[in-house]
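One structure is given here, and the rest of the page talks about it.
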Amino acid sequence: MSISKLIGTWKMVSGEFRSSDGKISYPWGTELEGRLVYTADGNMAAQIMDPDRPKFASKDHMRGTDEEVRAAFEGYQAYYGTFTVDEKEKTIIHDVEGSVFPNLIGHQLKRHYEFSKDGSRLTLGTPPMPMGGEKVSGVYIWERLKK
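FYI, in our numbering the residues of the sequence shown are 251 to 397.
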């Protein structure tokens, strides 16, 4: 794969998590939204959110209740860093430099990739990871945004 197939901005189409027993979950809802950006110089950023997260009662984002802050955090995932591609293994490695979830910082996130025949869709799959007390694998489908 030429890295140029990745470069650009991708819009989230769907995302789900699958447990080893086949159970499917949607931690950011079934109508999630997101963007994934890959640049030609090797930088990347990913954001995924549940658009139905409840708004804070206060207009001051530093004055949310514990429940509001928890819902906002659990309904959003974002990180940025650099990326490399292993064409032989069909994987993309995201080297995380910053994240809303501090535990990701400094880690490498491996994603198996597959493009649709016309190159307009990108499917990324994760190896098993802990979420909600169990091991799950994520499957994300992204659609290229037109320039």
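Just so you know, even glycine gets a beta-carbon here, dropped at the ideal spot from N, CA and C.
These figures come from a predicted structure and were not determined experimentally.
Assuming residue i and residue j form a contact by the criterion Cβ under 8 Å, report the distance between their Cβ atoms to the nearest whole angstrom.
| i | j | result |
| --- | --- | --- |
| M294 | H344 | 6 Å |
| V386 | S275 | 7 Å |
| I257 | A290 | 5 Å |
| S269 | E384 | 5 Å |
Could you give the residue range of the beta strand (DSSP E) that holds residue i?
| i | result |
| --- | --- |
| D336 | 326-336 |
| I298 | 293-299 |
| E266 | 258-269 |
| E281 | Where E281 is concerned, there is no enclosing beta strand (DSSP E), given that its DSSP letter is neither H nor E. |
By Cβ distance below 7 Å, which residues in the same chain neighbour residue i in space, the five residues on each side in sequence not counted?
| i | result |
| --- | --- |
| S264 | I391 |
| G325 | W278, M299, D300, R303 |
| L372 | W260, Y363, F365, W392 |
| S308 | G314 |
Once you ignore the five residues that flank residue i on each side, which residues in its own chain have a CB closer than 6 Å to its CB?
| i | result |
| --- | --- |
| I342 | F333, V335, R361, Y363 |
| V389 | E266, G375 |
| A328 | Q297, V350 |
| Y288 | L256, I257, M294 |
| F306 | G314, E318 |
Shorter than 8 Å from the beta carbon of residue i to some beta carbon of chain D?
| i | result |
| --- | --- |
| I355 | Given the protein chain composition of this structure (a single chain), no chain D is represented. |
Leaving out five residues before and five after residue i in sequence, what residues of the same chain have Cβ atoms less than 8 Å from its Cβ?
| i | result |
| --- | --- |
| G348 | Y329, Y330, G331, I355 |
| A321 | R303, P304 |
Margin query: As an exercise, report each continuous beta strand (DSSP E) stretch of at least 3 residues that is fully enclosed by the segment 339-386, in chain order.
Written below: 341-349, 358-365, 371-375, 379-381
Notebook entry, point to check: How do the segment 301-311 and the segment 276-291 stand: do at least 3 beta-carbon pairs fall below 8 Å, yes or no?
Noted result: yes
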